[in-house]
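I have placed the structure first, in the form of structure tokens, so that the comments after it can refer back to it.
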């Protein structure tokens, strides 16, 4: 179905903006590495909504946004895998996953 | 209030509320589950916009893959019992200000611009069209990104195994 | 006539200095000595050749100044240029002969005197450096080049006086010489600057040109009552007074006897101390035409110095000190002669002064080298440790006697002729100065023969080992210089070196010559009576003149006055506040800047805290800020 009549593009954009910045705040606020990862996933998803919305509203005859969102999802999966591997490694090294305790690279 | 509008508002509300809850929740497993709800709602949004394949991939990959991975890592790092620390005042202030400033800036910029909806005919989003586009090597084809993504996934696979292996002492 | 070979006269000594200085440790000492001496032999022959050529070529009646070599060094304006070059005129050619001859004699003498000393190569290197500097000074074409070499001479003199650097007294003496002459050079530099500012040139030929602007149109600017040109000339003379040890800047010369004796012969008898006389002679037309008042001042200073030094010399026991004060006195003569001189046909004083410079170089060098020979034999500087040496050291005895007779002014030795001309010039100008100089001639004869009789006659003390005559390397220069002292009086100076290059007509004044010979003979006889055989008359006279004797023995306490002024006044009131300022305010500012930087860096480095979240916050807020700035402030 075509949403153009019912829901203006602006709503989608506002939604994606809000989710993106909520995810950013999550990254900044949280102490636990895993919850920081969750914030990053939120940001990536918000970007996905944006791509898909633009594709649907402004370029319905093409599938660019669709494929881009697909690729972003693949990359997000790869990145989440690596991030978990790193978190496991940090946990083995420092016996903690609090981000405050992994500040070795300081002045 | 037509049907799509109501559904959209429900889905949007779910997304926003659950994402905020996910951030502020003090129990880590609950935060993961809220994230799961956000991802499922987003899949619903994609389905509303006629992108069925994408919605299916979202569910499979994110909800079925990444969230499971996150829960595994939570279990592996044995965090389930204790409550997470609350964010400190300065962190909260900094994050909050940045977020609010960012939202204000971005939204005000974008909303000033009037987007002209297109009047072209919509292309089909069935599997056949998507498949043909994906394997196309022409101008609008995605064969190259597809291959590159497969290499990336291979590298990520090997890398994560290597990083997470136990050191042979 | 091509004189460009004269550049070798400057180049050879400096090459010798560099070579011996750098390679001296790696060769046997004798080799470095021979190298230095042979280099000097070459330039002595070259300077004789130059003199022969120069004085053999007259242009018309007079000698012309020739610039044999000129190299542009610094150019300030069209006329204010500092060259490095070689100027040949009667004055500088005469000085060339004097300097190279005496230096050669000292080099040969040192082969014997300094044999076995450690630092032998260093000594010869410094001697070459000194010769180079002195030659550069007299061959300078402009006053700034002369200043450069003036300072070089000061440095070489410091190095040579402080040669025995392990002795604290030698180090102190070297410092004193350098500081006093450096202080005088302050006046010299000020004089140069004032002079060149108003005359707009540094060049000697331009400054002393009788038709040039410097003399025909001197500036009329006046400062504190005196014409600016007089100030400039007096300040320049202050520089000359420092090097020539005029009162009150004479304090360094007696202490400079801490250096080896050949050094005293070269520097403090024949060459460096006459640099002041040379300076005034070089600028003589300026002095004579534009500020004759300064010439009066110069005459009085010279006269006072010669009397002052002669009185002190009568009481000293160290033979080198006696000779040092004698040098002061004789240079006083030269300065007086310049001061009472006119120009051109009235330039008798000028010629007499330079004639005395010429003869004095030889007999004073002879006196010092003879004293060195005696010191070498007896291993002591004091008159009380010597006596009766005439039977042990015949050559030294005869040459020393000749030198003493010369300085006393007995005809037909050279000292008589030159001193006589000075007395004539003084008589014609100022009778008081003439009287003083005549008296000083008598005192000179007295103290020189006091020295002579105490060393060679009188009673023989107990010697540790019998003194023997010095080796040939030391006696040959003595003989050569004795011959020079005898015969140099017959050089027709009045034809060769005069104030304007034209020959001067002189005649023999029996009215002056007679009394001068008389007072010399009186001085010698008094010395004979008191010192030829051991008796108690000297002590009796000393006790009866107790006050004056003590003051003269302590050199009139001038050194103590200087020490008081420097320690109590300058150190406490000037040096201490300046040191405080430097330590607290200047250093404090630097420390403040450093500490501020460290403080701020400490504050900034906390930004790299190692917390990833901070980093993320930094860059996201930075991006937002930039976006804000670009969009809303554009």
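Chains as they are written, first to last, in this note's numbering: chain D, -2 to 104; chain W, 17 to 185; chain G, 699 to 1332.
Using N, Cα and C, we set each Cβ at its ideal position, and we do this for glycine too.
- Looking only at G:1123, G:841 and G:1299, the smallest Cα-Cα distance to residue 890 of chain G is reached by G:841.
- Those residues of the segment 84 to 118 of chain W placed with their C-beta closer than 9 angstroms to a C-beta in chain G are 107, 110, 111, 113, 114, 117 and 118, ordered along the chain.
- When only Cα atoms are considered, residue 786 of chain G and residue 1290 of chain G end up about 58 angstroms apart.
- The residue among W:108, W:21, W:93 and W:98 with its C-alpha nearest the C-alpha of residue 84 of chain D is W:93.
- Put simply, the backbone Cα of residue 783 of chain G is about 19 angstroms away from that of residue 979 of chain G.
- In the three-state DSSP reduction, residue 1155 of chain G falls in the coil class, being neither helix nor strand.
- Listed along chain G is no residue with a C-beta nearer than 7 angstroms to that of residue 34 of chain D; the closest approach is about 12 angstroms.
- Chain G places a beta carbon closer than 8 angstroms to that of residue 104 of chain D, counting this residue as a contact.
- Between residue 897 of chain G and residue 912 of chain G, the gap from beta carbon to beta carbon is short of 8 angstroms.
- When C-beta distances to chain D are compared with 7 angstroms, every residue of the segment 1256 to 1267 of chain G stays at or above that value.
- Between the alpha carbons of residue 23 of chain W and residue 73 of chain D lies a gap of roughly 27 angstroms.
- Closer than 8 angstroms to the CB of residue 1310 of chain G there is at least one CB belonging to chain D.
- When CB distances to chain D are screened at a threshold of 8 angstroms, the residues of the segment 46 to 61 of chain W falling below it are 47, 48, 51, 54, 55, 58 and 61, in chain order.
- The straight-line gap separating the alpha-carbon atoms of residue 35 of chain W and residue 1292 of chain G is approximately 51 angstroms.
- A direct Cα-Cα distance of roughly 10 angstroms separates residue 60 of chain W from residue 72 of chain W.
- Residue 149 of chain W counts as buried, since no fewer than 16 other beta carbons sit within 10 angstroms of its beta carbon.
- Judged by beta-carbon spacing, residue 887 of chain G lies beyond the 8 angstroms limit of residue 856 of chain G, meaning their Cβ atoms are not closer than that value.
- Setting aside the 5 residues that flank it on each side, residue 1041 of chain G is surrounded in the same chain by 986 and 1197, each with a C-beta closer than 6 angstroms to its C-beta; the list follows chain order.
- Taking residue 872 of chain G as the centre and dropping the five residues before and after it, the same chain places the C-beta of 856, 859 and 860 closer than 7 angstroms to its C-beta, in chain order.
- Against chain W, the beta carbon of residue 11 of chain D has neighbours under 7 angstroms at 123, listed in chain order.
- Below 8 angstroms, enough C-beta pairs join the segment 951 to 968 of chain G and the segment 862 to 871 of chain G to call them touching: three or more.
- The alpha-carbon of residue 773 of chain G is positioned some 11 angstroms away from that of residue 899 of chain G.
- About 5 angstroms separates the beta carbons of residue 791 of chain G and residue 752 of chain G, which is inside the 8 angstroms limit, making them a contact pair.
- Within the segment 39 to 63 of chain D, no residue places its CB atom closer than 7 angstroms to a CB of chain G.
- From the listed residues D:94, D:69 and D:86, the smallest Cα separation to residue 100 of chain W is found for D:94.
- In its chain, beyond the 5 residues on either side, no residue has a beta carbon closer than 6 angstroms to the beta carbon of residue 77 of chain D.
- In this structure, the beta-carbon distance from residue 804 of chain G to residue 997 of chain G does not fall below 8 angstroms.
- With its beta carbon at least 8 angstroms from every one in chain W, residue 1328 of chain G lies outside the interface.
- For residue 1054 of chain G, the uninterrupted alpha helix (DSSP H) run begins and ends at 1046 to 1076, by DSSP.
- Judged by DSSP in its simplified three-state form, residue 60 of chain D adopts coil rather than helix or strand.
- Under the DSSP assignment, residue 881 of chain G falls in the alpha helix (DSSP H) whose first and last residues are 866 to 897.
- The DSSP-derived three-state label of residue 1160 of chain G is coil.
- Within chain D, the residues whose beta carbon sits less than 8 angstroms from that of residue 136 of chain W are 56, 57 and 58, listed in sequence order.
- Excluding residues up to 5 positions away in sequence, 1053, 1054 and 1057 lie with their Cβ nearer than 6 angstroms to the Cβ of residue 1116 of chain G in the same chain.
- CA-CA distance, residue 80 of chain D to residue 46 of chain D, rounds to 23 angstroms.
- Not one beta carbon of chain W lies nearer than 8 angstroms to the beta carbon of residue 99 of chain D.
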